[in-house]
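Notes for the one structure printed next.
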Amino acid sequence: MAYTSLTVFCVRELQGPPGSPGLPGPAGPAGGGYDVSGGYDEYRADQPALRAKDYEVDATIKSLNTQIDNLLTPEGSRKNPARTCRDIKLGHPEWTTGESELGTPVLADGFIRRFYWIDPNQGCSNDAIKVFCDFSTRETCIFAHPASIAQKNWFRSTENKKHVWFGETINGGTEFSYNDETLSSQSMATQLAFMRLLSNQASQNVTYHCKNSVAYMDAESGNLKKAVLLQGSNDVELRAEGNSRFTFNVLEDGCTSHTGEWSKTVIEYRTNKPSRLPILDIAPLDIGGADQEFGLDIGPVCFK
């Protein structure tokens, strides 16, 4: 058998140099473009919710900052009461007694005094109490209500002289009250309890107006046997003589004899035990006669 030989040649296509660009082709169909100028459009749907949350957070932070500022620098106003007058002075060292614009001017003790609001128990401001602030001594002073007792013949008796408690025994007499007219007795008692805990010292004056009634020193006998008694808080009895921790001082003593004229004796008690104040009652001894009269001015109890 004869075989025929076949030779296969692979021919490579030769390429010449690139030619010049051709004409642009026809425009294609319109597609979804991306607007760079529009910003982050994909987040726009969430922005109102995010902004509302931001406003809520900002309002909360602002409220907290206001509360902190009120605690650090209380003004002593009805809406922003301080814990004590000392706190008001620490927050406003430039304030002087009676010169603050916030204090409410009221005539008391013959002077124009400015009152502030404090909340010793730091509860709601509804139980805040109105006080006088002595910024020179940083004392918080709470006034009695009422602050004076009428001058008249309060007691008639032919029995032997003995101490008679004004609020407990005398007809028409009452124990001294320190309730604000807008505050209940229980709320005031709570505030006084906290005021005592926040203080290291306390003081109070009582002025005894007299007509033929001895209040302290008896000029005739030269002793203190006819001196009045005072009832402090917690049933503490304060006297003219005896244990020095429970004795009061006299700043002025005009009630020493029966002259038929009105005079006065100013009694002061100072203590490092604030729990003993305020004074709640008084017991004169030299009363009971038809010509014997007395009245009282109950000074503020001041805590420091």
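Take the sequence shown: its position 206, counting from 1, is numbered 206 in full-length UniProt numbering, and each next residue is one higher. A virtual CB, placed ideally from N, CA and C, is assigned to each residue, including glycine.
Counting of Cβ neighbours within 10 angstroms places G172 among the exposed residues, the total staying below 16.
If you compare the alpha carbons of P284, G299, P300 and E220 with that of E293, the shortest gap goes to P284. With distances taken between CA atoms, D235 lies nearest to P278 out of S184, V164 and P278.
Burial check for P300: the Cβ neighbour count within 10 Å reaches 16 or more, so the residue is buried. Residue pairing for H209: DSSP places it in a beta bridge opposite K264 and G295. Rounded to the nearest angstrom, the gap between the Cα atoms of D87 and F132 is 13 Å. Between N200 and P274, the C-beta gap is smaller than 9 Å, which places the two residues in contact. With respect to the C-alpha of V214, the residue from G260, Q204, D127 and S177 having the closest C-alpha is G260. The C-alpha of K211 is placed about 7 Å away from the C-alpha of H258.
In the displayed model, V228 falls within coil according to three-state DSSP, outside both helix and strand. Taking 9 Å as the cut-off, the Cβ atoms of R83 and P74 count as close. Straight-line measurement puts the Cα of V57 at about 35 Å from the Cα of F194. The C-beta separation of D180 from K130 comes to about 6 Å, placing the pair in contact by the 8 Å criterion. In the three-state reduction of the DSSP assignment, N234 falls in the helix class. Annotated as distal: K264 and Y178, with beta-carbon spacing of 9 Å or more.
The three-state reading of DSSP puts K161 in coil, since its state is none of H, G, I, E or B.
Cβ atoms of L251 and V266 come within 8 Å of each other, at about 4 Å. Looking from the CA of C302, the closest CA among G76, T60, C85 and P81 belongs to C85. Between N126 and the set T271, S77, G242 and G295, the nearest pair of CA atoms involves S77.
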